[in-house]
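Following: one structure in structure tokens, then a few remarks.
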Amino acid sequence: MRTYADLFAVREFRNLFLANCAGIAAHTTSALALGALTYASTGSALLTALSMFGAPLAGVLGSLTLLSAADSVPPRRALTLAALLVTAGAAVQAVPGLPLWARFAVIFASAYVGSVTGGARWALLTDILPANAYVLARATMNTSVGVMQIAGFGLAGVLLVWLSPYQVFLLALALRAVATAVGWFGLSEHPARATERVTVARTLRVNRALWADPGRRSLLLNLWLPGGLIVGCEALFVPYAGDRAGFLLAAAALGMLVGDVLVGRFLTPARRERWLHPLRLLLALPYLAFVLGPPLPLAMAVALIASVGYAATLPLQERLVAHSPSDARGQVLGLHHNGMLAGQALCAAAAGAVADLVPAYYAVALLAGASLVATLTLTAGLRRTAPRAATIGGVEDRTRPDPAAAAP
15 MRTYADLFAV REFRNLFLAN CAGIAAHTTS ALALGALTYA STGSALLTAL SMFGAPLAGV
75 LGSLTLLSAA DSVPPRRALT LAALLVTAGA AVQAVPGLPL WARFAVIFAS AYVGSVTGGA
135 RWALLTDILP ANAYVLARAT MNTSVGVMQI AGFGLAGVLL VWLSPYQVFL LALALRAVAT
195 AVGWFGLSEH PARATERVTV ARTLRVNRAL WADPGRRSLL LNLWLPGGLI VGCEALFVPY
255 AGDRAGFLLA AAALGMLVGD VLVGRFLTPA RRERWLHPLR LLLALPYLAF VLGPPLPLAM
315 AVALIASVGY AATLPLQERL VAHSPSDARG QVLGLHHNGM LAGQALCAAA AGAVADLVPA
375 YYAVALLAGA SLVATLTLTA GLRRTAPRAA TIGGVEDRTR PDPAAAAP
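Residues in the sequence shown are numbered consecutively from 15, following the numbering used here.
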């Protein structure tokens, strides 16, 4: 399966893709509305940023408590239940006069629910598609996230000129309802991957087993740290470029899109592995040029070229799937996703703290240097991820992955 036509010919993938698009559009639309409402109520830039981008920190709690639900509950039921709860949260946000603390509680509770079951979505790709289609499918989903974020923020920005935040919340509620319906009616029943009940004990046991394995630990660290530090660079685009920061963000988004399409669509598994390390270096190296305080056009070129390097996560995710047992795959992918989002939020906060001490262009270069050091330091650990049987959570998985897809 090498083409988008092949991918979208699979009914369940098509519906999962549509549900994900509607959910992302709902999230971005409501996030901007909540940010506008928060700033109008408090005048606090910190609270506004937290209202829009702080929710992924709830994923840390989800990863430590009930993340095993991604494998212990049938994926269609897990995703539908989560969608219903998040839709209820969207309905609460549309209530005028709700205290700000209650709105924050709703967004963090919704993020917690999403962090617990989100791994089921990514693991479902391995159930409905052939093994060699995972990278193309994940790249396609990544692309849709970027496009729908741009569309959601753009639509909300236009609507907020004419409508109140509460009316924009109603639009987000409608999008959530669409996502829920498409997920329930468009997906088939698949059995749970694990037979154990959803418990904190199982979640922690599987997490310990994951972290104890040097190969999986290396993959997770490579997926979390270098990219998270580069997100910190992007968090400084506003201090660096002011009201022209949107051009830098657009350039970075375009670079990510190009990388996902090139690596996900046009590279074979063997070539993905060959390009893995150059792409990892590409993510950080261009940003070192910010030490010179480049003008906006050059800074845009730097952001575009560097962001192509985000595509290095695709072969790393391919390896992670190959080295994850089937009965814990949802938890593994959920842990990766939650850790990535939490790391990005923390790195963005750290970037802001650094930029309070030195000029923004120096801070960007410093964070890029830290990302490069992390990339080089973590490279050796990637040699461990050769195809082999894996045991996690007390269950052995002897599924033989495609050697070309998982070669170190």
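Ideal Cβ placement from N, Cα and C applies to all residues, glycine included. Being a predicted model, the structure only gives us computed values, none of them experimental.
Secondary structure of ARG117 (DSSP, three-state): helix.
A direct Cα-Cα distance of roughly 38 Å separates ALA47 from ALA215.
Straight through space, the alpha carbons of LEU112 and ALA188 are spaced by roughly 20 Å.
Counting C-beta pairs with one atom in each stretch, the region 190 to 199 and the region 61 to 69 have fewer than three that are closer than 8 Å, which means they do not touch.
Note on the region 342 to 407: whole alpha helix (DSSP H) runs with a minimum of 4 residues are 343 to 369, 374 to 392, in chain order. Secondary structure of GLU203 (DSSP, three-state): coil.
For ARG190, the CB contacts under 8 Å within the same chain, skipping 5 residues up- and downstream, are ALA36, GLY37, ALA40, ALA97, VAL100, THR101, ALA104 in chain order. Of the candidates ASP341, ALA147, GLY269, HIS291, the residue whose Cα lies closest to the Cα of ALA19 is ALA147. DSSP places THR52 inside the alpha helix (DSSP H), whose first and last residues are 25 to 56.
The closest CA to that of ARG398, considering only LEU334, TRP115, LEU349, is found on LEU334.
In the DSSP assignment, TYR148 falls within the alpha helix (DSSP H) that extends over 148 to 176. Here ARG222 is exposed. Its C-beta has fewer than 16 other C-beta atoms within 10 Å.
With at least 16 other beta carbons inside 10 angstroms of its own, PHE31 counts as buried. Excluding the 5 residues flanking it on each side, GLU210 has same chain C-beta neighbours closer than 7 Å at SER86, ARG216, in chain order. In this structure, VAL368 and ALA382 do not form a Cβ contact; the two beta carbons are roughly 12 Å apart against a cut-off of 8 Å.
Shown here, ASP227 sits in coil according to DSSP, grouped into three states, outside any helix or strand. With contacts defined by Cβ atoms closer than 7 Å, GLY269 and HIS337 do not form a contacting pair. Between THR154 and LEU271, the gap from beta carbon to beta carbon reaches 7 Å or more.
For the pair ALA303 and LEU297, the Cα-to-Cα distance works out to about 13 Å.
In the DSSP assignment, THR94 falls within the alpha helix (DSSP H) that extends over 89 to 107. Between the beta-carbon of ALA134 and that of PRO89 there is about 4 Å, and that keeps the pair under the 8 Å contact cut. If you look at TYR254, you'll find it in the alpha helix (DSSP H) that goes 251 to 255. Annotated as proximal: TYR375 and GLY307, with beta-carbon spacing under 7 Å. Rounded to whole angstroms, the Cβ separation of LEU75 and TYR126 is 6 Å, and the two are in contact under 8 Å.
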